[in-house]
Amino acid sequence: MQTSGTQASDPAPPRTDGEAEAVPLQLVWRRYVFLLLSLALACALALIVPRLLLPETGVGGQVLLGVTLFLLLGAPAIWFRLLAPLIQDHRERLADYAARTRLAEDRLRAHENNARLEHALEIAEDEGAVLRIAEQALSALANDGGAQLLLANDADGDIEQNITVGDMASAARCTIRRPRDCPTVRRGQGLVYEDSMSLSACAGLSGKIDSSCAAACTPVFVGGQGTGMLRALGQTGDAALYRQLQSLTFNAHLIGRRLGAIRSMAASEAKATTDPLTGLSNRRVLEAGLTRLIHQRARFALVLTDIDHFKKVNDTHGHDVGDRTLKLFAATLKQFVRREDLVCRVGGEEFVMLLAGLDASHGATLVERVRTELPRATARDKVPAFTISAGVVDEQDGSDAETLLRVADGLLYEAKASGRDRVVVSPRVETDAAPAHGAGAGD
188 MQTSGTQASD PAPPRTDGEA EAVPLQLVWR RYVFLLLSLA LACALALIVP
238 RLLLPETGVG GQVLLGVTLF LLLGAPAIWF RLLAPLIQDH RERLADYAAR
288 TRLAEDRLRA HENNARLEHA LEIAEDEGAV LRIAEQALSA LANDGGAQLL
338 LANDADGDIE QNITVGDMAS AARCTIRRPR DCPTVRRGQG LVYEDSMSLS
388 ACAGLSGKID SSCAAACTPV FVGGQGTGML RALGQTGDAA LYRQLQSLTF
438 NAHLIGRRLG AIRSMAASEA KATTDPLTGL SNRRVLEAGL TRLIHQRARF
488 ALVLTDIDHF KKVNDTHGHD VGDRTLKLFA ATLKQFVRRE DLVCRVGGEE
538 FVMLLAGLDA SHGATLVERV RTELPRATAR DKVPAFTISA GVVDEQDGSD
588 AETLLRVADG LLYEAKASGR DRVVVSPRVE TDAAPAHGAG AGD
């Protein structure tokens, strides 16, 4: 049997004082009428029988026998019709009170766990931190069957995060490939599958395990899109899964909300710091990275380069070809740098390479390799051939970002004035450090 709805409640919840079952009036009437009749009969027999059996006995003996008969005949009626129901009712009230107490404790514990989870997620700075917190929260929720979190980067993508906690058999783990393959995601609400062997059981359970079990599942929405689900296993017909579904749903809401906020902030930051055409970082990122290296007094080389006669490329072949040219140049620059290096587009056809740990001589060598590679790259990608010019400096050519960029721009202008398709290095490097390379760059 499959039951849906995130607001599902436990079957036959404990009674509260205001919800106590009303005893039918007819049943009360019959109980006490029978009790009165039984007592009346016992009283009559207690008065008549002693006189019939002991007519010559004194009054004291008859009274003693009458009281004895009354107790023997009336006690069962009093017990079964008065005292036993009162005792049973008292026991039921105690059981109800204990159940209500346990339920209140469970709700309080769930509320405290939810509050801790919400606080922990609020200070999570990235998706990795969110997933670690989610795993801890699942460990607190997991029952004997374990719990599982599945997440994709978007609604149409493949599942990339699969976190399992507790004692969940490998055969019972959900293995959906995409979020939309999950019924809870498609329906947008939590579901409880009470028996994995039933006809309506989820495909993630049905026929996969030897013994039957039950599962509670709820979708995870990130940025309004169903990108995953939370899932917990339990015993077949376990009513506790309905309560667990409520906790799963709240946890899924908190996890999805924080992931959505982090992804939204990351997208906004990427938009503000990334060139939309080439995918490279922009001038803002360059200035921040350059300032950081200067403050750290680190060694670095800065290469300012641009495409020769780029306006002619646009005018002759059109802006689409011009865009392809820029993308090819950006990809070629990235091909020759390391992970710790930075490649930025700072103008229309101007690019900068910020090379940590290198000096201007090594920077010039690297951009020469780029210049040599471009003819092969343009032929391969069927882009009109083009050349580049570059100016190269390092941390010794200026004390701040503005000065370094100005010096590099002057060297780039010198390369243009010298005939283009060449690399010009800081005169200090040409004179002191790499005269052979400097001579080559001016060819």
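Residues 188 to 630, numbered by this note's numbering, are exactly what the sequence shown covers, in order. Note that beta-carbon positions come from the ideal geometry of N, C-alpha and C, so glycine has one too.
On the criterion of 16 or more Cβ atoms from any shown chain inside 10 Å, does residue i qualify as buried, or is it exposed?
i, result
"VAL612", "buried"
"THR203", "Here THR203 scores only 44 on pLDDT, less than 50, and its place in the model should not be relied on; the value that follows carries that caveat. Exposed, because fewer than 16 other Cβ atoms sit within 10 Å of the Cβ of THR203."
"GLN522", "exposed"
"SER383", "buried"
"GLY535", "exposed"
"ALA282", "exposed"
"ALA329", "buried"
"ALA370", "Checking the sequence shown, residue 370 turns out to be Pro, not Ala. Buried, by the Cβ-count rule."
"ALA302", "exposed"
"SER326", "exposed"
"ALA199", "With a pLDDT of only 44 at ALA199, under 50, the local geometry of the prediction cannot be trusted, and no value is derived from it."
"THR565", "buried"
"HIS549", "buried"
"ALA286", "exposed"
"ASP507", "exposed"
"MET452", "exposed"
In the DSSP assignment, find the unbroken beta strand (DSSP E) run with residue i in it and report its ends.
i, result
"ILE346", "346-352"
With which residues is residue i paired in a DSSP beta bridge?
i, result
"PHE487", "ALA543"
"ASP587", "ASP587 pairs with nothing; no bridge assigned."
"CYS404", "LEU378 and ARG418"
"LEU339", "First, the amino acid is wrong: residue 339 is Ala here, not Leu. Bridge partners of ALA339: ILE346."
"THR461", "SER468"
"ASP147", "As shown, the chain starts at 188 and ends at 630. That puts residue 147 outside it, with no answer to give."
"GLN412", "VAL409"
"ALA334", "VAL352 and ALA419"
"ASP283", "Per DSSP, none; premise fails for ASP283."
Could you compute how far the alpha carbon of residue i sits from the alpha carbon of residue j?
i, j, result
"GLU292", "LEU467", "54 Å"
"ILE350", "MET416", "11 Å"
"ARG615", "HIS482", "22 Å"
"LYS499", "GLY544", "36 Å"
"SER588", "LEU480", "Inspection of the sequence shows that residue 588 is occupied by Ala rather than by Ser. Approximately 10 Å between the Cα atoms of the pair."
"ALA426", "GLY410", "32 Å"
"GLU208", "GLY333", "Legend: pLDDT at GLU208 = 46, less than 50; position of this residue unreliable, no value from coordinates given."
"ARG360", "TYR380", "14 Å"
"THR460", "LEU529", "12 Å"
"LEU561", "GLU601", "21 Å"
"PHE573", "VAL533", "19 Å"
"ARG609", "PHE538", "15 Å"
"GLN433", "THR405", "9 Å"
"ARG367", "ALA402", "18 Å"
"GLU279", "LEU290", "16 Å"
"GLY443", "ASP354", "25 Å"
"VAL372", "GLY447", "16 Å"
"HIS298", "GLY375", "24 Å"
"ARG319", "VAL472", "30 Å"
"GLN348", "THR465", "29 Å"
"VAL210", "ARG294", "The pLDDT assigned to VAL210 is 49, lower than 50, so where the model puts this residue is not dependable; a value taken from the coordinates is nonetheless given after this. Cα to Cα, the separation comes out at about 30 Å."
"ASP584", "LEU591", "6 Å"
"ASP546", "ALA457", "29 Å"
In the DSSP assignment, the alpha helix (DSSP H) including residue i goes from what residue to what residue?
i, result
"LEU386", "Neither: LEU386 is in no alpha helix (DSSP H) and is coded neither H nor E."
"VAL508", "506-522"
"GLY315", "314-328"
Exercise. Counting only runs that start and end within the stretch 530-577, where is the beta strand (DSSP E) found for 3 or more residues in a row?
Worked result: 537-543
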